[in-house]
Amino acid sequence: MKIEKLHPYFNQQDARGSFSGIINSGEWKEINHVFTNAGSTRGGHYHKDMTELVFILSGVVEVEFLDFRHESKITKFTLKENEGVLISPYVLHTMHYLTDCYQLSMLDTVFDPNNP
């Protein structure tokens, strides 16, 4: 299982503010802006056919990953503002929010609530 933090591939700042490039590959079909309260947990699931990119806009999140098809070891790390992670199919992912958090969640398949 290859799970690694993503950092912006491009950063620019000037008198107007800043611009950060999050990702410049893939074919994203759905992009969601998510707010989560401190002390909450999200995830605890995996996707069979979907790749997900989670990018933290503000806050701190402890993440756990397990590719149960290939490994028995859980990978853990912390994501903070301006960091993200690309989650492949069949990787169980759980996120523990240490602070209030704003994030982007990008999916390469449109989520179907009737067949999650």
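First residue of the sequence shown: 811, per my numbering; consecutive thereafter.
All residues carry an ideal CB built from backbone N, CA and C; glycine is no exception.
Determine the DSSP secondary structure at PHE829, reduced to helix, strand or coil. What you label residue 829 is simply residue 19 of the sequence shown in a count that begins at 1. The answer is strand: DSSP assigns PHE829 an E or B state.
Looking at the strands, I want to know which residues DSSP matches up with ARG852. Residue 852 sits at position 42 when you count from the first residue of the sequence shown. DSSP, once it has assigned bridges, lists MET905 as partnering ARG852.
Tell me whether THR885 sits in a helix, a strand or coil according to DSSP, three-state version. Within the sequence shown, the letter at position 75 stands for residue 885. THR885: strand per DSSP, three-state reduction.
Would ILE832 pass as a contact of LEU914 if the rule is Cβ separation under 9 Å? Stepping through the sequence shown from its first residue, residue 832 is reached at position 22. Stepping through the sequence shown from its first residue, residue 914 is reached at position 104. A contact, by the Cβ cut-off of 9 Å.
Helix, strand or coil: which one does DSSP assign to VAL871? Numbered from its first residue, the sequence shown carries residue 871 at position 61. Correct three-state label for VAL871: strand.
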